[in-house]
Every structure is written in C-alpha cells, then in structure tokens.
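Asks:
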Amino acid sequence: MSRLVMKFGGTSVGDVERIARVARIVAAERKPGRGLAVVVSAMSGETDRLVGLARASAGETPNGGGLPAKDFNDEYDVIVSTGEQVTTGLLALALRRIGIPARSWQNWQIPFRTDDAHSKARIFEIEESELGASMDAGVVAVIPGFQGVTDDRRITTLGRGGSDTSAVAVAAALKAERCDIYTDVDGVYTTDPRIVPKAQRLEKISYEEMLEMASLGAKVLQTRSVELAFAHRVPVRVLSSFVEPGEPNPGTLVCPEEEIVEKQVVSGVAYSRDEAKVTLLGVEDHPGVAAEIFDALANANINVDMIVQSEARQEGRQNILFTCPEREAARAAETIEAIKGKIGVDEIHIRRDVAKVSVIGIGMRSQVGVAKTMFAALAQKGINIEAIATSEIKISVLIDAAYTELAVRALHTAYGLDAA
Ligand code: ADP
Ligand code: ASP
Ligand code: MG
Numbered sequence: 002m003s004r005l006v007m008k009f010g011g012t013s014v015g016d017v018e019r020i021a022r023v024a025r026i027v028a029a030e031r032k033p034g035r036g037l038a039v040v041v042s043a044m045s046g047e048t049d050r051l052v053g054l055a056r057a058s059a060g061e062t063p064n065g066g067g068l069p070a071k072d073f074n075d076e077y078d079v080i081v082s083t084g085e086q087v088t089t090g091l092l093a094l095a096l097r098r099i100g101i102p103a104r105s106w107q108n109w110q111i112p113f114r115t116d117d118a119h120s121k122a123r124i125f126e127i128e129e130s131e132l133g134a135s136m137d138a139g140v141v142a143v144i145p146g147f148q149g150v151t152d153d154r155r156i157t158t159l160g161r162g163g164s165d166t167s168a169v170a171v172a173a174a175l176k177a178e179r180c181d182i183y184t185d186v187d188g189v190y191t192t193d194p195r196i197v198p199k200a201q202r203l204e205k206i207s208y209e210e211m212l213e214m215a216s217l218g219a220k221v222l223q224t225r226s227v228e229l230a231f232a233h234r235v236p237v238r239v240l241s242s243f244v245e246p247g248e249p250n251p252g253t254l255v256c257p258e259e260e261i262v263e264k265q266v267v268s269g270v271a272y273s274r275d276e277a278k279v280t281l282l283g284v285e286d287h288p289g290v291a292a293e294i295f296d297a298l299a300n301a302n303i304n305v306d307m308i309v310q311s312e313a314r315q316e317g318r319q320n321i322l323f324t325c326p327e328r329e330a331a332r333a334a335e336t337i338e339a340i341k342g343k344i345g346v347d348e349i350h351i352r353r354d355v356a357k358v359s360v361i362g363i364g365m366r367s368q369v370g371v372a373k374t375m376f377a378a379l380a381q382k383g384i385n386i387e388a389i390a391t392s393e394i395k396i397s398v399l400i401d402a403a404y405t406e407l408a409v410r411a412l413h414t415a416y417g418l419d420a421a
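For the sequence shown, the working numbering assigns the number 2 to the initial residue and increments by one for each residue that follows.
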C-alpha cells in the first residue's frame, strides 16, 4: 500500500467551481493500492475575515486595544480554525458527487496533537492508525490544515500559512511517498513571480535553500513545513492547482541537496517587508550590556534578526541596531525603555519602512565574490544598505522599503536569473 498527501491552498479552493476542479485532480491520483489524504486551507480571504471578527469581538481597533494574548489566543484559534472545517466538508461532497468515496476528518477526530502555544502551536504527534486504515480502504481522507488539538482538548492553530505544515506532518506520519502542495503558482520560482515577471520556475530546490527562501519571506511554503520535510526526508512537490488533470504540471521538487546536479551560486531572491529597525543610540559600552539587552528582548518573546553594533561619537558609548517583525517593534522599544537604567541608552528610534532582501544559494559555499555582486548591483541603483547579515548559503541586506521591488529585480538580473 502506498500513500500520497495532497494539499490545496486558499485560492485553489476559493469557490465551488475550484473545489470541483480539486476533486477532479484528486480523482486522477486515485489508483489501486494507494491511499489518499487531502489537506485543505480555508477558502481565500476567509481566514482574514475570521481574524478581523475575532479582533473586533475582543475590542481591538486600528489604534490598539483589545485583550492581552493570554486571554485572546485560545478563542482566536477556535474562531479562525473554522475556515478549514468548511472546506473539508465542501471537498468531501464534491468528491462524492463524482463517485469518489470520501470523508472529512477534523483534527480532534484523528487526533492531531499539538502543544498549547495558541495561534502558533507545534505539532508533536499525529495518531494515524484509524485515518490510515480508512484511506487504505479506498476512502479519500479530507483533513483541515492549520488546526490541531491539545491534550486537554482545546483547539489550536499553527500560525498563518500553517496548512503547508499540516500537510507535511500528515505525510511524515503516514510515511507517504510524497507531499504535493498545490497552489496558485506552478512551482517555486527564482523569486516571487508576482513582482518579477522574468522569474523562472525551478525544477528542483534543496531543502536547505527552500528553508532559507521561506524564512526570508517567500511565502510559497510555510518555513516550519520545510523544516519538517527536511527532518523527515519527505519529498515535497509544489505545483499548480489551476491545471486540469492530464495537462503538463511538473512543478518544483523540494529534495535533498545530493539530488541536485548543478548547484547554482544563487538559486533565488527573497524579500520581506515585515521588518522594523530599532536603533539604540549611546548605549554604555562594557561587557554584559548586549547580554542584558538581548536577554530582555528574548524574555519578551521578540524575534530579533539582524544585529549591528558600532562605536558612538561619545567616549565609552556604542550604538546598537537590530531588526524584528514590524508588529513587535513597539514592544521591543518598551522592553528597552524598561531596562534603560541598566544599559544607559540615550535615544531609541523605530523605523518601520524598511525591507530585507536576500539572495540564497548552496553554491555560495564554494564561491567567492557573491556579496560583491550584490552590493554593486544595489549601489548601481542608488540603494543604500542599512544592515547586512550572512550565513553559509544566504546574504541579506536591510534597505528602505520603497526600493524593495527595484532591489529584487536588480539582484535577479545581476545573478543571471532572468528568463530569456
Ligand atoms: P496558498 O494559498 O496556496 O498556500 P500562498 O499565497 O501561501 O498560497 O503562496 C503562494 C504565493 O507565494 C504565490 O502566489 C506567490 O506570489 C508567492 N511567492 C513568493 N515567493 C515565491 C517564489 N519564490 N516562488 C513561487 N511563489 C512565490
Ligand atoms: N488559512 C490559513 C491562513 O490563511 C492557513 C493556510 O492557508 O495555510 O493562514
Ligand atoms: Mg500558503
């Protein structure tokens, strides 16, 4: 018996006609000896609508307010997880309508166990025996993405874009041959095809590169889904849900590095506008100050990314710049304000109109001059770099957000990624 997991994102199940096409795509994958599980997202726009309702009910306005996370997140999960439940029922009906036995499985029925970190829960176990037996008996299992259940039977969700993670986790638990992620693009591209029309579909991409691409902003796959696929060696294919069965749809295979013969120096360019820059001017310059600052930020659950430290004009003082997600910036500033007495900071500034642009490639490990090409291409467009971060297979720069698209296009061209 083999098993295949298929996942369809929000746009792919956006209306009843699209759901009917999804049913045809699923039907085409059915064959004797193969069990099918289909993971679905909420219909496009639905999760945003539900998030809006939850916030409004908690009294949140565009100017703030609402409830603290500890009083909000558990019920937020109850509300936003319903979008996926609707789609499971709709797809099960669409499958039955074309003669395919199917049933929905809500996460508490499987169960799909997560920790209790509401709104960003992590899966720790999927009890697959009943589910797998039903699939093996020829009934297509339709499972809601994004949601889980805690040991004390509260509903959780896995963070925005979490249906990808649900699908990969189900594939790992079921020991599926592959996890096919159907979406509104026909694969993983060298960069977001919405902003660079000359972007090219990649035939294959390594787990490592996909992990960097996702965590640096390419939302085609949720980062956690790639981590799970990498850890459990689940082959993942990203392909279009807008193609009728039988038409060519090769997509992109996310696979181990060893399966990629020609390793590109740069395989892709990613960007993220969800960045804020926090600058601390005139911080005392002695051992333990950085530890004090970043310890306080970690305790406040702030995701610090880039860090740059430089000498200040005054003797014995330094300036520290760090970046974090935009929505965490105000809290970051408050956290620093609270330890002001210990670190002696003169001024705290927040800038929200910044973006991070990154180039990613496994070939970078063995190639010199990659950074130089990046800096030269940006300089040629007059784009100023405010911070730099590197790893073995990526280089990221922080720039003025107004130049995001210009920078992405310039880098795409500079590394020879443009389609002919
Ligand atoms: P789904 O609803 O199917 O989960 P998402 O909207 O989450 O789909 O992800 C698909 C989108 O990701 C595409 O429409 C595309 O704009 C965006 N994207 C960003 N970077 C890339 C990339 N490198 N390759 C493909 N798509 C990308
Ligand atoms: N519906 C959820 C979201 O919009 C999960 C997903 O689509 O992956 O974030
Ligand atoms: Mg998605």
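Cβ atoms here follow ideal geometry from the backbone N, Cα and C, with glycine treated the same way.
1. Taking the alpha helix (DSSP H) that S45 falls in, what are its first and last residues?
2. With a threshold of 6 Å on Cβ separation, who are the neighbours of G66 within its own chain once the five nearest residues in sequence on each side are excluded?
3. Less than 7 Å between CB atoms is the rule here; does K373 satisfy it with respect to chain D?
4. Terminal residues of the continuous beta strand (DSSP E) containing N320?
5. Going by beta-carbon coordinates alone, are S268 and E210 separated by less than 7 Å?
6. Quick check on the burial criterion: 16 or more other C-beta atoms within 10 angstroms. Buried or exposed for M2?
7. In chain order, which beta strand (DSSP E) runs of at least 3 residues are fully inside the stretch 4 to 82?
8. Quick one: what's A390 bridged to in DSSP?
9. Count the C-beta pairs between the stretch 189 to 202 and the stretch 16 to 24 that are closer than 8 Å, then say yes if the count reaches three, no if not.
10. As a quick exercise: from V409, P112, L91, pick the residue whose alpha carbon is nearest that of R104.
11. Report the residue from V140, V239, D137, E258 whose alpha carbon sits nearest the alpha carbon of D181.
12. For ligand 1, any of its heavy atoms closer than 6 Å to the Cβ of Y1?
13. Helix, strand or coil for E276 per DSSP?
14. Check whether the Cβ atoms of V6 and V171 lie closer than 7 Å to each other.
15. Can you look up T191 in the DSSP assignment and give me helix, strand or coil?
16. Using the DSSP secondary-structure output, state which residues sit across from D181 in a beta bridge.
17. Thinking C-beta only, is G149 closer than 7 Å to F113?
18. With respect to 6 Å, is the separation between the Cβ of A93 and the closest non-hydrogen atom of ligand 2 below this value?
19. Entirely within the stretch 248 to 307 and at least 4 residues each: give me those alpha helix (DSSP H) ranges in chain order.
20. Use the C-beta contact count for S216: other C-beta atoms within 10 angstroms, 16 or more gives buried, fewer gives exposed.
21. Between which two residues does the alpha helix (DSSP H) carrying H413 extend?
22. Pick helix, strand or coil for H119, following the three-state DSSP scheme.
23. Give me the Cα-Cα distance between R155 and T62, rounded to the nearest whole angstrom.
24. Is P288 buried or exposed, if buried means 16 or more other CB atoms sit within 10 Å of its CB?
25. Please tell me whether S167 and G146 are closer than 7 Å, where the distance is taken between their beta carbons.
26. What is the residue span of the beta strand (DSSP E) that I337 lies within?
27. Check this for me: beta carbons of Y272 and G218, under 7 Å apart or not?
28. Assess, as a yes-or-no matter, whether the stretch 358 to 366 is touched by the stretch 335 to 344 under the definition of 3 or more beta carbon pairs within less than 8 Å.
29. Could you have a look at Q424 and say whether DSSP puts it in helix, strand or coil?
30. If I measure Cβ to Cβ from V290 and keep anything under 7 Å in the same chain, skipping five residues before and after, which residues do I get?
31. Since V227 and L212 should fall inside the 8 Å C-beta cutoff, what is the C-beta to C-beta distance between them, to a whole number of angstroms?
32. Taking the continuous beta strand (DSSP E) assigned at F147, which residues delimit it?
33. Secondary structure at A420, three-state DSSP: helix, strand or coil?
34. Any heavy atom of ligand 1 closer than 6 Å to the Cβ of Y190?
35. Kindly indicate the opening and closing residues of the alpha helix (DSSP H) around D441.
36. Leaving out five residues on either side along the sequence, give the residues of the same chain with a beta carbon under 7 Å from the beta carbon of E129.
Replies: This is what the structure holds:
1. Working through the sequence shown from its first residue, we reach residue 45 at position 44. Counting along the chain, S45 falls outside any alpha helix (DSSP H), and DSSP gives it neither H nor E.
2. Residue 66 sits at position 65 when you count from the first residue of the sequence shown. Cβ within range, chain order: G60.
3. The chain labelled as chain D is not found in the depicted structure, where only one protein chain is given.
4. Along the sequence shown, read from residue 1 onward, the residue named residue 320 stands at position 319. Note, N320: beta strand (DSSP E), 318 to 325.
5. Within the sequence shown, the letter at position 267 stands for residue 268. Within the sequence shown, the letter at position 209 stands for residue 210. Yes, the pair counts as a contact, with Cβ atoms nearer than the cut-off.
6. As a first step, residue 2 is located in the sequence shown; it is residue number 1 there, counting from the start. Under this definition M2 is an exposed residue.
7. Restricted to the stretch 4 to 82, the beta strand (DSSP E) segments that are unbroken, complete and at least 3 residues in length are 35 to 41, listed in chain order.
8. Within the sequence shown, numbered from 1, the residue matching residue 390 stands at position 389. Looking at the DSSP assignment, A390 forms a beta bridge with S397.
9. Below 8 Å, too few C-beta pairs join the stretch 189 to 202 and the stretch 16 to 24 to call them touching: fewer than three.
10. Looking up residue 104 in the sequence shown gives position 103. For R104, the nearest C-alpha among the options comes from L91.
11. Against the sequence shown, residue 181 aligns to sequence position 180. Of the listed residues, the one whose Cα sits closest to D181 is V239.
12. This structure leaves residue 1 out entirely; the chain is present only between 2 and 421.
13. Here residue 276 refers to the residue found at position 275 when the sequence shown is read from its first residue. Correct three-state label for E276: strand.
14. The residue labelled residue 6 in the question sits at position 5 within the sequence shown. The residue labelled residue 171 in the question sits at position 170 within the sequence shown. V171 sits close to V6, with the two beta carbons spaced by under 7 Å.
15. Stepping through the sequence shown from its first residue, residue 191 is reached at position 190. In the three-state DSSP reduction, T191 falls in the coil class, being neither helix nor strand.
16. To locate residue 181, count along the sequence shown from 1; it is residue 180. Answer is M7, R238, bridged to D181.
17. The count along the sequence shown starts at 1 and reaches residue 113 at position 112. The count along the sequence shown starts at 1 and reaches residue 149 at position 148. Using a Cβ distance threshold of 7 Å, F113 and G149 count as a contacting pair.
18. As a working note, residue 93 is residue 92 in the sequence shown. A93: no, Cβ never under 6 Å from ligand 2.
19. Counting only unbroken stretches of 4 or more residues, the alpha helix (DSSP H) elements lying wholly within the stretch 248 to 307 are 290 to 300, in sequence order.
20. What you label residue 216 is simply residue 215 of the sequence shown in a count that begins at 1. It is buried - the Cβ of S216 has at least 16 other Cβ atoms within 10 Å.
21. Residue numbering aside, residue 413 sits at position 412 when the sequence shown is read from its first letter. Its alpha helix (DSSP H) spans residues 405 to 415.
22. Mapped onto the sequence shown, residue 119 falls at position 118. Under the three-state reduction of DSSP output, H119 falls in the coil class, being neither helix nor strand.
23. Stepping through the sequence shown from its first residue, residue 155 is reached at position 154. Stepping through the sequence shown from its first residue, residue 62 is reached at position 61. Each residue's Cα considered, the two are about 27 Å apart.
24. Position 287 of the sequence shown, counted from the start, is the residue given in the question as residue 288. Under a 10 Å Cβ-count criterion, P288 is classified as exposed, with fewer than 16 other Cβ atoms of the shown protein chains found around its own Cβ.
25. For the purposes of this step, residue 167 is identified with residue 166 of the sequence shown, where counting begins at 1. For the purposes of this step, residue 146 is identified with residue 145 of the sequence shown, where counting begins at 1. G146 sits close to S167, with the two beta carbons spaced by under 7 Å.
26. As a first step, residue 337 must be located in the sequence shown, where it is residue number 336. Secondary structure note for I337: it is in no beta strand (DSSP E), and the uninterrupted alpha helix (DSSP H) holding it is 330 to 339.
27. Along the sequence shown, read from residue 1 onward, the residue named residue 272 stands at position 271. Along the sequence shown, read from residue 1 onward, the residue named residue 218 stands at position 217. Taking 7 Å as the Cβ cut-off, Y272 and G218 qualify as a contacting pair.
28. Pairwise C-beta distances place the stretch 335 to 344 out of contact with the stretch 358 to 366, as fewer than three of them are shorter than 8 Å.
29. Only positions 2 to 421 of the chain appear in the structure, and residue 424 is not among them; the question remains open.
30. To locate residue 290, count along the sequence shown from 1; it is residue 289. Excluding residues within five positions, the ones whose Cβ falls inside 7 Å are V284, I344.
31. If you number the sequence shown from 1, residue 227 lands on position 226. If you number the sequence shown from 1, residue 212 lands on position 211. Contact flag correct, Cβ pair sits at about 5 Å.
32. Residue numbering aside, residue 147 sits at position 146 when the sequence shown is read from its first letter. First-last for F147: undefined, no H or E at that position.
33. Here residue 420 refers to the residue found at position 419 when the sequence shown is read from its first residue. A420 falls in the coil class under three-state DSSP.
34. Taking the sequence shown and counting its residues from 1, the one referred to as residue 190 is at position 189. At least one heavy atom of ligand 1 falls within 6 Å of the beta-carbon of Y190.
35. Residue 441 lies beyond the range of the chain shown here (2 to 421); nothing can be said about it.
36. Start at 1 with the first residue of the sequence shown, and residue 129 comes out as number 128. Taken in chain order, the residues that qualify are A174, L175.
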